[in-house]
Amino acid sequence: MARTGSKNGDGSSLRALLRIAPGSKVDLGSFDCGATFGREKAKAADEIAAGQTRLADLHDRLWAEAKHAVLVVVQGIDAAGKDGTIHSIMGAFNPQGTPVSSFKVPSPLELAHDYLWRVHARLPGKGEIGVFNRSHYEDVLVVRVHGLVPPERWRLRYRQINDWERMLTEEGLTIVKFFLAIDRDEQRVRFQERVDDPKKRWKFSLADLEERKRWDEYRVAFEDCLEETSTKWAPWHLIPANRNWFRNLAVSEILADALEDLDPQYPPAAEGVEDTIVE
Ligand code: AMP
Ligand code: MG
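So the sequence shown is numbered by my numbering: it starts at 818 and just counts up by one.
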């Protein structure tokens, strides 16, 4: 299969445009969360469908080959669209080969171990595309903002996480990280929808408003995290996520391009199978 990747009108890919280059600065305050890079909403449904077809084909081959494991990390502030993004890409995958893990407040058992213990246990195996809804990154985000461990400990975690992810990629795991960026006013609109719509109300709690008050503290924590942990072996992609259609399009294209790099192949027929006549 031709390894063409997805291209914008000007030949650039969203993967190249949205990847955070290792060592670069991240300024979320001036980031345009409504950017669409010339893509159009009217065409997005077809483009997302095409992306889903590519993802389905790639996962079929990845699963059959059982050689590569892929981890997709989804982070973002409350109401950034983590659940919606995962729902959108999961439609393309074979459910047997796509474990999704959502990381909540750690249990006493989890807290009795190092912070990578619970995430390590949920890593995908060969042939699988594992999805993390929140992740070990909470241990430098919410943990920092709420002072759950002292600064001298969470600061060390950037290096620890980079080392751990490097070891995992050297062992054959491909890591694709997405940070969904919405702005403060978009969060307000989404929270209000959650309050007003009885079908969404279950997602909302008054604690979300307390977190919202810490918007700027989270922004700084996100910026530092993205700057410190976008590495050449496990880069972050910064996704403008105010518009759901663009967010879904960007994530499906970037993920399909990353899977295409692995060039998964159906395994060859076992000895003697090819010319077999089944009677
Ligand atoms: P939700 O994603 O809305 O279901 O909420 C999950 C909650 O768990 C969020 O408030 C996270 O900040 C919290 N959480 C996830 N991981 C951790 C962690 N390592 N330490 C503390 N809180 C966490
Ligand atoms: Mg929540």
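Note that the Cβ used here is the ideal one computed from N, Cα and C, for glycine as well.
Note that this is a predicted model, so its numbers are computed, not measured.
Asked                                                                                            : Found
Complete runs of the beta strand (DSSP E) confined to the stretch 911-990 [at least 3 residues]  : 917-919 and 946-950
Any non-hydrogen atom of the ligand AMP within 6 Å of Val1095 CB                                 : no
Integer-rounded CB distance, given that Val843 should sit under 8 Å from Leu1079                 : About 27 Å separates the two Cβ atoms, so there is no contact after all.
Residues that DSSP places opposite Trp1053 in a beta bridge                                      : Lys994
Identity of the residues DSSP links to Ala886 by a beta bridge                                   : Leu990
6 Å CB neighbourhood of Phe949 in its chain, flanking five on each side removed                  : Val890 and Ser918
Alpha helix (DSSP H) segment containing Thr1046, residue limits                                  : Trp1032 to Thr1046
First and last residue of the uninterrupted alpha helix (DSSP H) at Trp1062                      : Asn1061 to Leu1079
Three-way DSSP call (helix, strand, coil) for Val1006 in this model                              : helix
Length of the line joining the Cα atoms of Leu1066 and Gln1004                                   : 20 Å
Candidates His953, Glu1010, Lys1030 and Val1006: closest to His930 by CA position                : His953
Reference Phe1008; option with closest CA among Asp1000, Pro923, Asp1025 and Val922              : Asp1025
Per-residue DSSP class, three states only, for Gly1089                                           : coil
Given Leu831 as reference, the closest of Val959, Asp1092 and Ser1069 once Cα atoms are compared : Ser1069
The ligand MG heavy atom lying under 6 Å from the CB of Asp895                                   : yes
8 Å contact criterion, which Glu945 and Ala873 should meet: CB distance rounded                  : In fact, because the Cβ distance is near 15 Å, the residues do not count as touching under 8 Å.
Local Cβ density within 10 Å of Leu1173, reported as buried at 16 or more and exposed below that : One cannot answer for residue 1173 here, as it falls past the ends of the chain, which runs 818 to 1096.
Inter-residue spacing [alpha-carbon to alpha-carbon] between Phe848 and Phe995                   : 15 Å
Heavy atom of the ligand AMP within 6 Å of Arg951 beta-carbon                                    : yes
Limits of the alpha helix (DSSP H) - the one that Asp1025 falls within                           : Leu1023 to Arg1029
Ile1094 - DSSP class collapsed to helix/strand/coil                                              : coil
Span of the alpha helix (DSSP H) around Leu831                                                   : Leu831 to Leu835
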